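In my numbering, the protein residues as written are 2 to 360. Where is the CB? At the ideal position from N, CA and C, for every residue including glycine. In this text, all values refer to a predicted model and were calculated from it rather than measured experimentally.
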Amino acid sequence: MGVKEILEKGRLGRNEIITLLESEGEEKQLLFKKASEVKMREIGNRVHFRGLVEFSNICGKDCYYCGIRKSNKEAQRYNLSDEQILEAARFAYENKYGSLVLQGGELESSGFTQRIEKLIREIKRLSAGKLGITLSLGEQKEEVYQRWFDAGAHRYLLRIETSNPELYKQYHPSNTLHDFARRLTCLKTLQRIGFQTGTGVMIGLPFQTTADLADDLLFMKQFDIDMVGMGPYIEHQHTPLYQYRSELLPIQVRFDLALKMVAILRILMKDINIAAATALQAIDPLGREKAIKIGANIIMPNITPGKFRNDYALYENKPCVDEEPEECKNCLDVRIQLADGEIGYGEWGDSKHFHKRLT
Ligand code: SAH
Ligand code: SF4
2 MGVKEILEKG
12 RLGRNEIITL
22 LESEGEEKQL
32 LFKKASEVKM
42 REIGNRVHFR
52 GLVEFSNICG
62 KDCYYCGIRK
72 SNKEAQRYNL
82 SDEQILEAAR
92 FAYENKYGSL
102 VLQGGELESS
112 GFTQRIEKLI
122 REIKRLSAGK
132 LGITLSLGEQ
142 KEEVYQRWFD
152 AGAHRYLLRI
162 ETSNPELYKQ
172 YHPSNTLHDF
182 ARRLTCLKTL
192 QRIGFQTGTG
202 VMIGLPFQTT
212 ADLADDLLFM
222 KQFDIDMVGM
232 GPYIEHQHTP
242 LYQYRSELLP
252 IQVRFDLALK
262 MVAILRILMK
272 DINIAAATAL
282 QAIDPLGREK
292 AIKIGANIIM
302 PNITPGKFRN
312 DYALYENKPC
322 VDEEPEECKN
332 CLDVRIQLAD
342 GEIGYGEWGD
352 SKHFHKRLT
């Protein structure tokens with residue numbers, strides 16, 4: 002079956018998804034057009050902000066792809082003070098961002114749990130309950146997730162990175178901290194507790210095939226996920242995966258593949274929230290806007306104080322590292338309009354899928 006026929010029939014199995022992922026030229030444009038139509042029809046042109054606070058790059062884990070992994074001695078470590086984090090939250094609230102994401106390296110300790118719990122409560126207080134809170138703090142025990150949920154966080158992002166357990170093993174050390182089964186259990190726990198649950202993958206990792214990517218999309222569908230953030234893998238020189246850089250697809254191809262993933266996912270899961278990943282912008286200055294045009298509806302403007310952005314280097318060539326939050330906002334207003342979008346200021350912009358899942 003060709004792309005046109007697949008899009009008309011609308012039944013996307015593994016083989017159909019692979020064909021779509023391999024589409025080029027006019028056929029690729031057909032895919033993008035279809036995804037854009039689905040988005041407009043199902044959720045409209047509203048784009049919602051999640052102000053991203055990358056509050057610390059201190060991490061207890063050692064993922065082979067990540068620039069802030071524990072064993073990278075070159076990384077300049079930092080940890081924002083509570084006051085700096087609350088300042089960023091105030092900025093998000095005053096500028097009607099609607100929601101904020103607390104993201105950082107992964108730590109499992111009672112001190113860390115308590116700190117986050119206290120911050121969630123304070124962010125809720127300073128915004129009179131109005132700022133939605135998403136957490137992206139990795140794998141934690143059920144009781145920890147529950148405490149953070151009870152304190153007021155209502156969304157959680159935990160990427161599966163790849164849904165293929167064999168590949169997962171190649172990207173992580175083999176110990177209990179980096180176990181695929183644990184990540185899956187964590188995702189299920191988050192869903193059970195009642196978080197709007199988000200996941201995602203990296204696209205264009207070494208050894209990953211188009212069939213793996215098709216399986217990743219089917220995994221998201223089967224898991225009945227509420228939100229997705231996925232973007233291109235970008236190599237970092239101080240990481241173990243860097244040795245396989247000659248095996249990688251050219252960066253532009255990874256970028257294109259990431260856009261196709263977003264478009265196919267929009268057709269597959271019509272009412273979920275899909276973020277335009279920052280890593281897209283590291284490759285193409287208009288990368289996130291392109292993702293918005295073809296299916297994404299969430300953008301995560303960085304509101305980390307400017308001087309720390311450089312050090313949260315998960316990958317190289319991270320965009321906007323020399324900007325302050327205020328500049329970011331002005332720049333995004335213009336950019337979203339260019340992508341035919343409209344920013345939903347002051348709104349949570351929850352995943353429609355989540356609310357339907359509950360009813
Ligand atoms: N520690 C938390 C949150 C920070 S990392 C966690 O791991 O969930 C957030 C995401 O950054 C990861 O899920 C991973 O998908 C992405 N990431 C890490 N290194 C990357 C790289 N080299 N290229 C692209 N994305 C990367
Ligand atoms: Fe730590 Fe997340 Fe990077 Fe893994 S991906 S090393 S958990 S920050």
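- prompt: Do the segment 266-278 and the segment 340-355 meet, that is, are 3 or more Cβ pairs less than 8 Å apart?
  reply: At 8 Å Cβ cutoff, the stretches touch.
- request: Give the DSSP-derived three-state secondary structure of asparagine 311 in the structure shown.
  value: For the purposes of this step, residue 311 is taken as residue 310 along the sequence shown, with counting starting at 1. If DSSP states are grouped into helix, strand and coil, asparagine 311 belongs with coil.
field: isoleucine 275, enclosing beta strand (DSSP E) - first and last residue
entry: As a position in the sequence shown, residue 275 is number 274, starting the count at 1. Unbroken beta strand (DSSP E) run through isoleucine 275: 274-277.
query: What do you get for leucine 359, buried or exposed, if any count of 16 or more other CB atoms within 10 angstroms of its CB means buried?
result: Here the question's residue 359 lines up with position 358 in the sequence shown. Label assigned to leucine 359: exposed.
task: Have a look at Arg156, Leu242, Gln147, Lys222 and flag the residue whose alpha-carbon is nearest the alpha-carbon of lysine 170.
output: Counting from 1 along the sequence shown, the entry for residue 170 is found at position 169. Closest in alpha carbon position to lysine 170, among Arg156, Leu242, Gln147, Lys222, is Leu242.
field: Test item: CB-CB of phenylalanine 50 and alanine 93 under 9 Å
entry: For the purposes of this step, residue 50 is taken as the residue at position 49 of the sequence shown. For the purposes of this step, residue 93 is taken as the residue at position 92 of the sequence shown. Yes, the pair counts as a contact, with Cβ atoms nearer than the cut-off.
query: Does any heavy atom of the ligand SF4 sit closer than 8 Å to the C-beta of arginine 70?
result: On the sequence shown, position 69 is the one that residue 70 refers to. Judged by the Cβ position, arginine 70 qualifies as a neighbour of the ligand SF4 at the 8 Å threshold, a heavy atom of the ligand being closer than this.
- request: Out of Ile299, Pro326, Ala297, Met301, point me to the one whose CA is closest to phenylalanine 309's CA.
  value: Counting from one through the sequence shown, the residue named residue 309 turns up at place 308. Measuring from the Cα of phenylalanine 309, the nearest candidate turns out to be Pro326.
field: Whole-angstrom distance between aspartate 334 and glutamate 290, CA atom to CA atom
entry: Here residue 290 is taken as the residue at index 289 of the sequence shown, counted from 1. Here residue 334 is taken as the residue at index 333 of the sequence shown, counted from 1. One alpha carbon belongs to glutamate 290, the other to aspartate 334, and they sit about 11 Å apart.
- prompt: Given a threshold of 16 other Cβ atoms within 10 Å of its Cβ, counted over all protein chains shown, does arginine 193 qualify as buried or as exposed?
  reply: Stepping through the sequence shown from its first residue, residue 193 is reached at position 192. That one is exposed.
field: Closest residue to serine 175 among Cys64, Leu81, Lys222, Ile299 (Cα-Cα distance)
entry: On the sequence shown, position 174 is the one that residue 175 refers to. Of the candidates Cys64, Leu81, Lys222, Ile299, the one whose C-alpha sits nearest the C-alpha of serine 175 is Cys64.
message: Any heavy atom of the ligand SAH closer than 8 Å to the beta-carbon of alanine 280?
response: Translated into positions along the sequence shown, residue 280 becomes position 279. Yes, Cβ of alanine 280 sits closer than 8 Å to a heavy atom of the ligand SAH.
message: How far does the beta strand (DSSP E) with serine 137 in it extend, from its first residue to its last?
response: To locate residue 137, count along the sequence shown from 1; it is residue 136. Taken as a continuous stretch (DSSP letters only), the beta strand (DSSP E) holding serine 137 covers 133-137.
message: Can you tell me whether glycine 199 sits near the ligand SAH, meaning its C-beta is under 8 Å from at least one heavy atom of the ligand?
response: Taking the sequence shown and counting its residues from 1, one reaches residue 199 at position 198. No, the beta carbon of glycine 199 sits no closer than 8 Å to any heavy atom of the ligand SAH.
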